[in-house]
Amino acid sequence: SFVPFLSVSDTAREVGICVTSASKAFNLAGLKCAMIITEIEALKDRINSMPISVAFRASLFGAVAATAAFDKSRSWLDGALKTLDENRKLIRALIDSKIPAIGYRIPDFGYLAWLDLSNLGLGEDPTKAILEKGKLAINSGSFYSPKHAQFARLNFGTSAENIEESFNRILRTL
263 SFVPFLSVSD
273 TAREVGICVT
283 SASKAFNLAG
293 LKCAMIITEI
303 EALKDRINSM
313 PISVAFRASL
323 FGAVAATAAF
333 DKSRSWLDGA
343 LKTLDENRKL
353 IRALIDSKIP
363 AIGYRIPDFG
373 YLAWLDLSNL
383 GLGEDPTKAI
393 LEKGKLAINS
403 GSFYSPKHAQ
413 FARLNFGTSA
423 ENIEESFNRI
433 LRTL
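For what it's worth, our numbering labels the leading residue of the sequence shown as 263, then goes sequentially.
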């Protein structure tokens, strides 16, 4: 379970700064609202003396949405995290049953799967073949590093049906 750094000890509160938002967890990035939290008086003064334009980059709607997310949306977040965990395991099951040549380690967090497609025999950049033949667009590993062209990043922050369809399209490519 999550333990906020500033709650660990008096020393943590004396040296720590928390910069956070509801952006990722609650899908509110477009609403522009983040927080800087500290118990360090000297830093509070520096934060409060930031140019006024910094404060105007946040939106009132974003502040209201972030407050509602943190105060009233725990059950929604728990459901979203449960779905992501189920989707991680679904990917493992689909690979094992349909395309065992794909390398995959279940990630500990997030909503992105890193797939090793090097054993599929789809050429220099397998994602191109998957796009052309399977009509599935996934991120090529070459975008992240030239030496990872045989890998792909798959977003599993979606429905189980979409994940199953994605693997059916990869399978059709083979």
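Note that beta-carbon positions come from the ideal geometry of N, C-alpha and C, so glycine has one too.
Would you mind listing the alpha helix (DSSP H) stretches within the segment 373-397 that are 4+ residues and don't spill past its ends, in chain order? 388-396
Presumed contact (8 Å Cβ cut-off) between Ala-375 and Pro-369, rounded CB distance: 7 Å
Can you check which of these residues, Asp-307, Ser-380, Glu-423 and Ala-422, is closest to Ser-402 by C-alpha distance? Ser-380
Which residue's Cα is closest to the Cα of Arg-367: Leu-382, Lys-360, Arg-350 and Gly-383? Arg-350
Give the range of the beta strand (DSSP E) segment to which Ala-296 is assigned. 296-300
Give me the residue from Ser-285, Lys-286 and Ser-269 with the minimum Cα distance to Gly-278. Ser-269
Going by DSSP, which residues form a beta bridge with Tyr-366? Leu-377
Taking the straight line between their C-alpha atoms, what separation do you get for Glu-427 and Arg-319? 39 Å
Taking Asn-430 as the reference, which of Tyr-406, Phe-405 and Lys-397 has the closest Cα? Lys-397
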